[in-house]
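Reviewing the structure listed below.
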Amino acid sequence: MKTPFSFTLPRELIAQRPPAERDSARLMVVSRQDGSIRHAIFRDLPDYFRAGDALVLNNARVIPARIFARKPTGGSIEVFLLRKIDSGVWRVLVRGGAKAGTVLTAGDLTITVQERAADGSYLAQFQPPDDEAVFSRGSVPLPPYIKRQPDDADIADYQTVFATVPGAVAAPTAGLHFTGRLIDRLREKGVILAEVTLTLGWASFFPAGQARRTPPPEQCSVPPKTVRVVADARAARAAVTAVGTSTVRALETAATRGGIAPFSGETDLFIAPGYRFCVVDRLITNFHLPCSTHLSLVAAFGGTDLVRQAYETAIAERYRFYSYGDAMLIL
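Right under this line is the structure:
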């Protein structure tokens, strides 16, 4: 690794497909207490929990955000849904050269491109306006490092088994390793599960080199039930484990002086080394892009030197990286 946020990854370690069974992914277990690095399988996860521990998941559901349309000239163009503003009105990215006033078509769906924002996104008006009509022309928004077109398998693969709240344009990928059976085993052990919602936006696709850039605001919800679970765990000195960097950001957004409170709104919380964590004790995460906001958070949580060592070990041990890759548990 060249800096705390940069490393060279052999291309063949970028996972293009998930493992055949979600919980058969490898799990690197990293201890901040003694600096040890151990190797396990994700389905072994219950071995690292005790009764009363809290496990917090992000229940955001990925929408079919990539729409391939036609210009009035007949040329192809991609419209990428970012965020719903109102019925039939979306904030979008347009890839392929369009300007305000252009009317695009995707089958029986028409898309009128409106004003351009300073961040390069556009407002767009969709007709018919209902989500079903819009989503019917969309496909799975696989990240750009997956060098293939999405297919029917990705519809299920790029969605967690607990995804219920639509709106995300990127999956909370640490959650992809969970199965219904694994969740049952955790509950049987006495682990208390709770949920937050953070609808991951286009910050997840920031290119390398933008780890210090403040991400665009994302919708975030930490409900009262989750607050009670976290507060009870902390009062009992049980561990609070966040599944994914998005869950960390949601919980830390809801942190108060000495505790946590319900939250509903936007968050642009950016976590980098030097940040003092208030709520989260342990983290489950995937292996992330160099120079990314995700890796910046992981380095802040695990410590830059230890995370650097873990990534060097992962490369040497041929772990699979990124969205469909393996996982890390930081204790």
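Residue 1338 in the numbering used here sits at position 27 of the sequence shown; the count goes up by one each step and never skips.
Positions of the beta carbon are idealized from the N, C-alpha and C atoms, including for glycine.
From the options, residue whose alpha carbon lies closest to that of residue i
| i | options | result |
| --- | --- | --- |
| residue 1596 | 1322, 1321, 1353, 1320 | 1353 |
| residue 1527 | 1509, 1533, 1543, 1539 | 1509 |
| residue 1472 | 1585, 1494, 1461, 1448 | 1494 |
| residue 1579 | 1556, 1591, 1351 | 1556 |
| residue 1574 | 1468, 1539, 1554 | 1539 |
| residue 1359 | 1332, 1375, 1340, 1346 | 1340 |
| residue 1367 | 1621, 1563, 1505 | 1505 |
| residue 1586 | 1600, 1563, 1576 | 1563 |
| residue 1490 | 1594, 1330, 1322, 1318 | 1330 |
| residue 1391 | 1385, 1475, 1454, 1370 | 1454 |
| residue 1552 | 1507, 1464, 1346 | 1507 |
| residue 1576 | 1561, 1569, 1626 | 1561 |
| residue 1351 | 1608, 1344, 1335 | 1335 |
| residue 1503 | 1543, 1332, 1488 | 1543 |
| residue 1477 | 1462, 1464, 1442, 1568 | 1442 |
| residue 1409 | 1396, 1389, 1402 | 1389 |
| residue 1355 | 1446, 1492, 1470, 1469 | 1492 |
| residue 1298 | 1531, 1635, 1460, 1446 | One cannot answer for residue 1298 here, as it falls past the ends of the chain, which runs 1312 to 1642. |
| residue 1554 | 1463, 1591, 1568, 1567 | 1591 |
| residue 1419 | 1429, 1626, 1444, 1620 | 1444 |
| residue 1346 | 1531, 1545, 1323, 1618 | 1618 |
| residue 1402 | 1569, 1430, 1626, 1620 | 1430 |
| residue 1635 | 1545, 1569, 1464 | 1464 |
Same chain only: Cβ atoms within 8 angstroms of residue i, ignoring 5 sequence neighbours per side
| i | result |
| --- | --- |
| residue 1387 | 1379, 1380, 1381, 1407 |
| residue 1421 | 1414, 1415, 1437, 1438 |
Cβ neighbours of residue i in the same chain (closer than 7 angstroms, five flanking residues each side left out)
| i | result |
| --- | --- |
| residue 1436 | 1399, 1400, 1423, 1425 |
| residue 1466 | 1451 |
| residue 1512 | 1393, 1394, 1480, 1527, 1529 |
| residue 1427 | 1411, 1433 |
| residue 1461 | 1450, 1451, 1453 |
| residue 1468 | 1329 |
Cβ shell of residue i (< 6 angstroms), same chain only, five flanking positions each side left out
| i | result |
| --- | --- |
| residue 1547 | 1363 |
| residue 1357 | 1496, 1497, 1500 |
| residue 1325 | 1456, 1632, 1633 |
| residue 1295 | Outside the displayed range of the chain (1312 to 1642) lies residue 1295, so it cannot be described from this structure. |
| residue 1440 | 1398, 1399 |
| residue 1584 | 1610, 1611, 1615 |
| residue 1642 | 1342, 1593 |
| residue 1404 | 1391, 1432 |
| residue 1470 | 1373 |
| residue 1626 | none |
Short Cβ contact (8 angstroms threshold) for residue i with residue j
| i | j | result |
| --- | --- | --- |
| residue 1541 | residue 1582 | no |
| residue 1598 | residue 1639 | yes |
| residue 1452 | residue 1373 | yes |
| residue 1320 | residue 1588 | no |
| residue 1637 | residue 1337 | yes |
| residue 1533 | residue 1565 | yes |
| residue 1327 | residue 1536 | no |
| residue 1377 | residue 1417 | no |
| residue 1348 | residue 1604 | no |
| residue 1370 | residue 1484 | no |
| residue 1487 | residue 1333 | yes |
| residue 1608 | residue 1600 | no |
Where residue i sits in the DSSP three-state scheme
| i | result |
| --- | --- |
| residue 1640 | strand |
| residue 1425 | strand |
| residue 1504 | strand |
| residue 1327 | coil |
| residue 1522 | Below a pLDDT of 50, predicted positions are generally treated as unreliable, and residue 1522, at 46, falls in that range; no measurement from the model is reported. |
| residue 1529 | strand |
| residue 1627 | helix |
Neighbour flag for residue i against chain C, beta carbons, 8 angstroms
| i | result |
| --- | --- |
| residue 1568 | Checking the listed chains, one finds no chain C in this structure; it contains a single protein chain. |
Original post:
Which ranges does the beta strand (DSSP E) cover as unbroken runs of at least 3 residues, wholly within the stretch 1535-1617, from first to last along the chain?
Top reply: Whole beta strand (DSSP E) segments, 3+ residues: 1551-1554, 1574-1578, 1593-1597.
Subject >> Secondary structure, beta strand (DSSP E): runs of 3+ residues fully inside the stretch 1332-1420 >> reply: Within the stretch 1332-1420, the complete beta strand (DSSP E) runs of at least 3 residues are 1337-1341, 1348-1352, 1365-1369, 1371-1373, 1377-1381, 1387-1397, 1400-1406, 1414-1417.
Original post:
Which runs of the alpha helix (DSSP H) fall wholly inside the stretch 1430-1499 and span at least 4 residues, in chain order?
Top reply: Scanning the stretch 1430-1499 for uninterrupted alpha helix (DSSP H) segments of 4 residues or longer gives 1442-1446, 1463-1468, 1491-1499, listed from N- to C-terminal end.
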